[in-house]
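Visitor: Here you go, one structure.
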Amino acid sequence: MILQLNREQKTAAEYDGGHVIVLAGAGTGKTSTIMGRAVHLIETGVDPARILLMTFTRRSAKEMIDRLSVLIGENASLVTVGTFHHFCLASMRRMPEKFGIANATVIDRDDQERLMKIARAPYVEKGVKFPNANTLMNSYSYARNTNQPIIKYLEKHSDYDKPFVDKILRVFTDYETRKKQNGYLDFDDILFLFAQKIHADSEIRKIIKGRYDHVLVDEMQDTNPIQWMILDGLRDPPLLFCVGDDAQSIYAFRGADFRNVHTFTKRIPKSKVLRLQENYRSTQQVLDLSNHLLSESSIRYGKKLKAHRGPGIRPKVIDFESEFDEAAWIANDLIERHETGQAWRDLMILTRTAYASRTTEAVLIEKKIPYVFVGGTSLLKAAHVKDLLCLVRCCLSHYDELAWMRYLTLWPGIGDVTASRLVDGIRQCSSVSDTVDLLRLSNLDRSELVQGIVSVMKRTEDPPKAVQAAAEFLEPMLEKRYQNWKQRKRDLYLMVQLAGRHKTLYDYLETYALDPVHTSSVRRKTDEDVVTLITVHSAKGTEATTCYIIRAEPGMYPHFRSLGDHDEEEEERRILYVAMTRAKDDLILTRTMNQRGGSVWYGDMSGEHSRGGTPYFLETVPENLLDSEIVFDETLENWSSEVIR
DNA sequence: GAAGCGTTATACTAT
DNA sequence: ATAACGCTTC
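Take the first sequence: its letter number 433 is residue 433 in the working numbering, and every next letter is one higher.
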């Protein structure tokens with residue numbers, strides 16, 4: 001297959017004057033240019049194994065791999081492609097002793113939060129407000145990703161007094177201690193440890209740098225300071241080829257700063273800026289609306305997307321009384337379009353939050369419209385799958401506190417208190433078989449509890465057998481616990497199947513901690529003709545002929561939680577911009593009169609005012625850019641809230 | 001009084 | 001799906 005590149009893209013792909021940043025607007029062929037770069041390098045004699053390609057999301061990593069293998073065949077598998085986290089962890093696993101991670105277990109966001117909850121518990125007093133585990137985790141993670149002392153962050157981003165800040169700092173210290181005791185590695189540790197070593201240890205730096213000649217980076221605008229440190233440590237001799245768009249920076253909550261792409265040439269000596277400006281994806285009217293949105297910002301993005309494809313159809317906004325009406329209308333519209341010849345896969349529904357799409361999803365199911373949900377909860381986060389995996393984890397280590405807590409509390413009669421007492425004992429053991437003896441001797445009248453452990457332990461050498469044993473053992477108990485057991489049971493046996501792809505249980509658990517499998521993506525084949533229901537964050541880099549942006553009402557864009565913080569409000573603008581620029585031909589925004597919208601959150605009642613200027617992004621759109629329509633519910637079927645349950 | 005359990009309100013984005 | 005809270009049980 002041949003890659004068609006325009007002049008701008010070709011210049012970028014074939015640039016050979018050193019480090020380079022390519023500023024590429026939405027739809028200007030970013031991915032194609034990166035692909036073009038890789039192909040060009042290989043054609044001019046670069047060993048594919050000496051190319052490293054880093055992305056931010058698993059989704060784009062997968063897309064890169066797929067496209068690369070179409071373009072260059074077998075050579076594609078020699079190129080290192082992955083997310084920053086994936087690359088760092090894999091590099092560290094190649095020399096685990098040097099990084100001190102020989103026995104470490106990677107924990108996901110869910111486990112981090114549980115651990116934080118445990119660390120937080122002793123500091124909670126009745127009647128005294130204290131940030132919840134999720135909030136604490138966010139602050140802590142943000143501070144680490146931006147490489148600043150947590151105390152500095154708290155002083156700047158909160159109005160807590162000193163004793164309160166001290167208390168929070170103690171929680172974080174406890175969290176660190178517990179993490180170390182358990183041998184856990186959280187997502188931030190993966191980047192942090194790697195960044196630290198590559199800077200502090202010249203021997204390690206030499207080894208890792210020595211593996212590559214070229215480092216290609218996608219979505220550069222989403223790099224946070226730690227990721228910058230990593231790139232900094234990887235360059236010279238490897239050359240950087242970074243691609244990004246300031247207007248599409250939507251990961252500030254993870255420490256990214258869109259200004260990074262502007263300061264690139266200052267930070268990296270002898271580097272160059274190239275631009276891609278021609279949009280191939282959308283029609284001009286879609287871009288006019290998107291351009292307008294950016295033009296109202298206080299930030300100058302210096303960007304005006306020009307369509308290569310001509311004027312097209314004007315975007316429209318439709319108002320509904322309720323989210324049920326909205327969902328019903330969308331379902332009807334999808335069916336209509338499908339009947340008139342559009343493939344399901346050409347239709348995409350974009351949502352600001354996973355939660356806000358619940359109603360729409362329910363109607364898609366009800367109307368039997370085939371769809372995939374991308375973003376939000378993964379299979380691995382589902383309670384019953386966690387139950388299964390915690391039993392497997394217990395069998396691998398007696399000091400995995402989180403796994404033991406979960407497994408023990410599954411049993412009737414064992415709550416948090418009893419479980420944590422038992423865990424204290426278990427952690428004193430020297431092995432899992434020791435633990436089995438301990439549990440046998442303890443005066444619990446729960447001898448079945450031990451049977452599960454023993455039965456999985458016998459099979460630890462054979463991952464699918466071990467996972468199957470765990471599933472069979474837990475089934476009777478979980479069946480009573482969960483309502484829609486038939487569906488959930490399938491997930492468990494899916495996990496058994498997946499175990500077949502791994503040689504060891506350690507490998508199995510680590511793979512899915514970093515790359516959680518999403519229910520929908522496993523249940524459906526990738527090329528199936530289905531509608532995509534997707535969070536805007538996950539949708540970056542994708543496109544569809546017809547796009548619906550649902551719940552595009554006040555309170556969503558900008559999201560009400562960002563109100564009052566100018567930078568956050570502007571990030572919300574970029575989120576809507578990303579959503580709009582996904583559409584090729586048809587852009588449809590839908591709104592509801594939901595509680596969160598209207599004056600409640602923007603007006604006097606809540607007391608919250610936007611200080612950033614524009615309170616709601618679609619308030620001030622000129623008529624010639626956006627058609628508008630109101631749909632009353634007589635025209636739709638009535639949807640009761642019972643449908644949702 | 002401690003421990004477990006059921007009820008109710010509430011929910012942003014992702015490696 | 002989970003946190004916080006009040007209620008029941010031992």
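In this text, a Cβ means the ideal position worked out from N, Cα and C, and glycines have one as well.
(1) Express the C-alpha separation of residue 476 and residue 569 in angstroms, rounding to a whole number.
(2) Going by the DSSP bridge assignment, what does residue 547 pair with across the sheet?
(3) Which residue comes first and which comes last in the alpha helix (DSSP H) that contains residue 502?
(4) Over the uninterrupted beta strand (DSSP E) stretch that includes residue 319, give me the two end residues.
(5) Does residue 208 pass the burial test, meaning 16 or more other C-beta atoms within 10 Å, or should it be called exposed?
(6) Can you find the residues in the same chain that come closer than 7 Å, C-beta to C-beta, to residue 254, ignoring five residues on each side of it along the sequence?
(7) With 16 other CB atoms within 10 Å as the buried threshold, where does residue 632 fall?
(8) Within the same chain, show all residues whose beta-carbon is closer than 8 Å to that of residue 538, passing over the 5 residues directly before and after it, in chain order.
(9) In terms of DSSP beta bridges, what is residue 80 paired with?
(10) Alpha carbons only, please: which of 147, 233 and 451 is nearest the one belonging to residue 202?
(11) With a threshold of 6 Å on Cβ separation, who are the neighbours of residue 103 within its own chain once the five nearest residues in sequence on each side are excluded?
(12) Can you tell me whether residue 463 is buried or exposed? The criterion is at least 16 other CB atoms within 10 Å of its CB, across all chains shown.
(13) State buried or exposed for residue 461, treating a residue as buried only when at least 16 other CB atoms are found within 10 Å of its CB.
(14) Is the beta carbon of residue 245 closer than 9 Å to that of residue 262?
(15) Applying the criterion that 16 or more other CB atoms from any shown protein chain within 10 Å of the CB defines a buried residue, is residue 393 buried or exposed?
(16) How many Å lie between residue 3 and residue 71 at the Cα?
(17) Return the Cβ separation of residue 191 and residue 227 in integer angstroms, given the expectation that the two are a contact with Cβ distance under 8 Å.
(18) Quick one: what does DSSP say residue 402 is sitting in, helix, strand or coil?
(19) If we call anything under 9 Å between Cβ atoms a contact, is residue 215 one with residue 23?
(20) Determine the closest residue to residue 15 out of 241, 327 and 264, with distance taken between C-alpha atoms.
(21) Please state whether the Cβ-Cβ distance between residue 576 and residue 316 is less than 9 Å.
(22) Sorted by chain position, which residues of the same chain lie with C-beta nearer than 7 Å to residue 334's C-beta, five sequence neighbours on each side aside?
(23) Round the Cβ separation of residue 122 and residue 78 to the nearest angstrom and send it over; I've been treating them as touching at under 8 Å.
(24) Report yes if the CB atom of residue 285 is closer than 9 Å to the CB atom of residue 318, and no otherwise.
(25) Given this structure, state the Cα-to-Cα distance separating residue 360 from residue 324, to the nearest angstrom.
(26) Is DSSP giving residue 429 helix, strand or coil here?
(27) Compute the Euclidean distance between the alpha carbons of residue 356 and residue 630, then round it to the nearest angstrom.
(28) Going by DSSP, which residues form a beta bridge with residue 307?
(29) Taking the alpha-carbon positions, what's the residue 508 to residue 8 distance?
(30) Three-state secondary structure (DSSP) at residue 26?
(31) What would DSSP say about residue 241, mapped onto helix, strand or coil?
(32) So residue 514 packs on residue 89, CB below 8 Å; how close in whole Å?
(33) In the DSSP assignment, what residue or residues form a beta bridge with residue 535?
(34) By the 10 Å Cβ neighbour count, where 16 or more other Cβ atoms means buried, how is residue 105 classified, buried or exposed?
(35) Quick one: grab the DSSP three-state call for residue 92.
(36) Between residue 578 and residue 188, what straight-line distance do the alpha-carbon atoms span, to the nearest angstrom?
Guide: In short:
(1) 49 Å
(2) 348 and 587
(3) Taken as a continuous stretch (DSSP letters only), residue 502 belongs to no alpha helix (DSSP H), as it is neither H nor E.
(4) 316 to 320
(5) buried
(6) 145 and 224
(7) exposed
(8) 57, 59, 374 and 375
(9) 52
(10) 233
(11) 183
(12) buried
(13) exposed
(14) no
(15) buried
(16) 8 Å
(17) 7 Å
(18) helix
(19) no
(20) 241
(21) no
(22) 347, 369 and 531
(23) The Cβ separation is near 51 Å, so there is no contact.
(24) no
(25) 8 Å
(26) coil
(27) 20 Å
(28) 279
(29) 43 Å
(30) coil
(31) strand
(32) 7 Å
(33) 351
(34) buried
(35) helix
(36) 26 Å
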